[in-house]
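A short write-up of the structure that comes next.
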Amino acid sequence: MILFSERQALLLQLLSEVDHATTGSDLAALLGVSSRTLRYDISRINGVTKIEIVEATSKGYRINRPLYNDFLARNSQLATQLDHHERILLYLLSTPSTDVYDIMRDCFLSESVTRAALQRLRAQVELHQLELQVKGSSVHLSGAEISFRRLLGDLVHNAMDVVVGQREKISRYLPDVNLSDVSDVLASLTRERDLEIDDIRMDNAVVNLAICLQRNCFPIDSEAAPSAVLNPVTSEFSEALLGTLGSRFPERPLSSPDEEYVRALVGVALDPHAEGTAQETMRTSVSDVTGRCLDETISHFNLQVEREKLYESVSGHVERLALQTRALPYFRNTLQESLRSRSPFLYDVAVYLADRLSRALGITFSDDEIGLLAIYLGLYSRPVNADDHAVSAVVICPRYQTLRDWLLAGLVEHFGNRLQIVDLVSTKEEADEQDCDLVISTTDESSRTHPCVQISALLSDLDFSAVDAALLRAAKAKSRARIAESVRRFLDPELFFTGVAPKGSDEAIGFMCDALEEKGIVPPEFRDSVLLRETYSPTAFARRFAVPHAMDFLAHRTKVAVLIPDSPIGWESADISLVLMLAINGDDYDDFIHFYQPLISLLYDSRLYSEIRKVRTFEEFMNFLDNELSETE
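Per this note's numbering, the sequence shown starts with residue 1, numbered consecutively.
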């Protein structure tokens with residue numbers, strides 16, 4: 001087995017995410033180490049793998065992708081080194097009542113290291129409603145069994161995000177149950193019954209069942225076992241599942257409470273149904289509250305929605321979530337990170353909705369659950385000003401029988417909402433007098449004041465292609481102009497900070513909130529709203545940058561405060577080297593979202609992010625954004 005340190009695994013992951021070379025200084029900054037330590041890690045990676053996976057080039061370091069992919073294919077047993085407190089935590093999960101000396105013996109640790117690790121573990125287990133008591137040499141981890149399972153589920157969840165050594169990490173937490181075996185059981189049963197279960201539900205059910213089997217020696221408390229109303233389909237499926245699990249895992253028999261728990265998992269986590277059949281949603285107090293929260297969210301963000309579909313989908317989801325919160329120790333949405341990075345506007349809408357639902361129903365929403373809300377919102381809603389993306393055009397076409405009607409109908413049918421035709425004229429002089437983004441001409445005359453594309457009035461395939469390309473160019477130019485205006489409006493030299501070294505995310509947020517409040521941009525309650533937003537979903541992205549902002553539109557004026565710290569800031573589980581605090585006034589939100597999305601996309605590019613971190617003056621920062629944001633769109 002090949003062992004990497006956590007930092008070396010992260011280094012490989014960072015390099016595997018980009019296709020270009022990254023300078024040593026930038027890599028060292030991202031990892032929070034010296035250049036010397038970086039060179040040591042690269043040397044060790046290449047040494048233990050016996051091939052040059054990480055290449056040094058004139059432009060920096062890059063991963064040799066063919067060698068890397070071949071290495072991963074040939075070496076399934078990659079691993080990261082187990083640190084002391086994780087080793088002890090795994091020991092306590094299987095032996096909750098023990099003593100310091102048994103831990104020392106079985107984990108090969110000294111007494112001082114063992115006691116220090118136990119001290120660190122206390123806060124971690126308390127987050128899962130468990131209590132770690134150390135009295136003299138006695139060690140006892142206590143709490144409800146569902147809390148133990150949630151802790152185990154959290155460990156598995158974190159392991160799923162790892163690129164290097166993922167399989168080995170999961171096998172540490174589930175040593176007696178292979179996830180692929182559980183997956184095979186579920187897949188076989190659903191195929192035999194022609195049932196449909198979506199991928200996210202299936203993946204989560206597999207892990208939850210595996211946790212149940214792994215913990216079979218610690219039966220769930222009978223009063224804590226959730227109950228679910230099963231229809232004939234789910235009832236038959238759950239009994240078949242229990243029988244098959246008993247045959248496949250005879251050495252891990254389930255207690256009666258755990259059998260009831262598995263039945264609840266089938267009803268709550270899997271929700272199997274015959275393909276093509278609609279799921280009937282009962283009207284309940286939960287769905288009524290959900291409807292009111294959706295009304296508030298739609299009004300707040302000025303959305304257009306397919307009301308019936310959105311309300312039915314979200315209400316059904318929240319009904320299931322009320323059960324899942326009690327029943328499932330593990331839930332993961334594999335789309336969550338891409339939704340945060342590629343659709344930050346929708347994700348913020350989902351966070352706002354989650355806050356309203358949480359206040360009204362007392363349901364806790366994880367990042368993964370918020371991601372599912374974002375999916376429903378994306379499917380059935382859009383901003384009211386979505387048509388602003390349409391390119392306005394004047395069409396030059398001489399009057400001749402029904403030619404104009406033919407041309408107009410063809411353009412509207414083919415390009416739909418992408419094209420807004422503001423006028424039909426006969427000459428270029430008339431077109432030049434119009435305010436538009438593009439001129440479409442069926443004559444040999446081109447506009448002198450607007451971008452122009454020449455086509456045939458009969459609209460051949462070549463003509464459609466020419467108009468399509470012209471629309472793309474015009475839309476990009478329109479977006480660039482809007483972004484340039486936003487950069488000038490929202491950035492302020494008095495809110496640009498370098499040479500500062502906050503010790504953590506709270507200190508960084510406090511520093512930037514103070515600056516905004518001193519300039520009269522935000523009210524005092526802005527700070528609490530920013531911290532509340534962080535509790536739902538930390539605003540750190542890609543382990544590189546953070547974009548903290550308030551839950552509500554509290555700012556008197558829309559501004560973006562910028563902090564480039566002297567050293568990385570610990571932000572949840574990431575080390576952040578750039579902070580952009582958004583203070584948004586509701587009147588500016590429609591304009592701001594056109595700036596927000598390309599900004600996030602820009603910072604996800606590790607090469608551009610590395611360049612922006614080198615900026616030291618406001619003028620350099622403005623010029624960089626003006627150039628690069630235009631290209632991002």
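Quick reminder that beta carbons are idealized off the backbone N, C-alpha and C, glycines included.
Using CA coordinates, which residue listed in the options is at the minimum distance from residue i?
| i | options | result |
| --- | --- | --- |
| I88 | F71, E430, S34 and S110 | S110 |
| V134 | R115, L242 and G362 | R115 |
| P329 | S183, D288 and A205 | A205 |
| L411 | R607, N623 and L458 | L458 |
| C452 | L438, L462 and S460 | L438 |
| E196 | I211, P598, F237 and I220 | F237 |
| D295 | L357, V579, D26 and D492 | L357 |
| V613 | E369, L563, D590 and V268 | It should be pointed out that residue 613 corresponds to Arg in this sequence rather than to Val. For the residues E369, L563, D590 and V268, the minimum Cα distance to R613 belongs to L563. |
| R332 | N158, S255, F490 and L213 | N158 |
| Y380 | V305, H594 and T190 | V305 |
| G24 | S16, V18 and R36 | R36 |
| P96 | Y596, L67, L132 and H84 | L132 |
| S33 | R382, S577 and Y596 | A small fix is needed here, since residue 33 is Val in this sequence, not Ser. Measuring from the Cα of V33, the nearest candidate turns out to be S577. |
| V18 | L38, I298, R65 and K50 | R65 |
| G136 | V100, F108, S171 and Q124 | V100 |
| I51 | D70, G416, R292 and Y604 | D70 |
Going by beta carbon distance, what residues of the same chain come within less than 6 Å of residue i, once the five residues before and after it are set aside?
| i | result |
| --- | --- |
| A501 | P565, D566 and S567 |
| A374 | L339, L346, Y347 and A350 |
| L471 | V391 and R418 |
| G570 | G504 |
Rounding to the nearest angstrom, what Cα-Cα distance links residue i and residue j in this structure?
| i | j | result |
| --- | --- | --- |
| R122 | Q8 | 27 Å |
| E312 | L245 | 34 Å |
| E413 | W406 | 11 Å |
| R62 | S573 | 25 Å |
| S58 | V156 | 40 Å |
| N302 | S446 | 39 Å |
| L495 | V579 | 12 Å |
| L92 | D194 | 42 Å |
| L12 | R44 | 12 Å |
| L72 | G60 | 23 Å |
| F621 | V615 | 6 Å |
| I521 | V48 | 54 Å |
| S601 | A542 | 11 Å |
| M202 | V113 | 41 Å |
| A117 | E86 | 9 Å |
| L599 | E619 | 17 Å |
| D83 | S255 | 34 Å |
| L152 | R320 | 22 Å |
| V125 | E485 | 49 Å |
Here's a check: name, in chain order, each residue in its chain whose Cβ is nearer than 7 Å to the Cβ of residue i, leaving out the five neighbours to either side.
| i | result |
| --- | --- |
| A550 | F526, S529, V530 and R533 |
| G499 | D566 |
| I42 | V54 and Y61 |
| R482 | H594 |
| R149 | I211, R215 and P329 |
| A540 | A546, W571, E572, A574 and I576 |
| C397 | L403, R404, L407, L424, T442 and A457 |
Grouping DSSP H, G and I as helix and E and B as strand, with all else coil, what is residue i?
| i | result |
| --- | --- |
| A190 | It should be noted that the sequence gives Thr, not Ala, for residue 190. T190: helix per DSSP, three-state reduction. |
| L531 | helix |
| S58 | coil |
| Q124 | helix |
| A274 | Only weak support is given to the placement of A274: the predicted model assigns it a pLDDT of 38, under 50, and the value that follows is read from those uncertain coordinates. Looking at A274 - three-state DSSP - the assignment turns out to be strand. |
| P232 | helix |
| R382 | strand |
| S257 | Contrary to the premise, residue 257 reads as Pro rather than Ser in this sequence. In this structure, P257 counts as helix in the three-state DSSP scheme. |
| H450 | coil |
| A542 | coil |
| K559 | strand |
| P66 | helix |
| A501 | coil |
| V658 | There is simply no residue 658 to check, as the chain begins at 1 and stops at 633 in what is shown. |
| V266 | helix |
| A583 | strand |
| H84 | helix |
| L657 | Only positions 1 to 633 of the chain appear in this structure, which leaves residue 657 out of reach. |
| G371 | helix |
| R283 | Note that R283 scores a pLDDT of 48, beneath 50, so its modelled location is shaky and nothing firm can be said. |
| A393 | strand |
Report all residues from its chain with a CB closer than 8 Å to the CB of residue i; omit the five preceding and five following residues, and keep chain order.
| i | result |
| --- | --- |
| H317 | L372, L373 and Y376 |
(Q) If contact is defined by three or more beta carbon pairs under 8 Å, each pair taking one atom from either stretch, is the region 478-493 in contact with the region 413-430? (A) no
Q. If you pair each beta-carbon of the region 158-176 with each one of the region 128-143, do three or more pairs fall below 8 Å?
A. no
Q | Inter-stretch contact (C-beta, 8 Å, three-pair minimum) for the region 503-514 and the region 576-594 | A | yes
Q: Taking 8 Å as the threshold, find out whether the region 165-172 comes into contact with the region 216-223 through three or more Cβ pairs.
A: no
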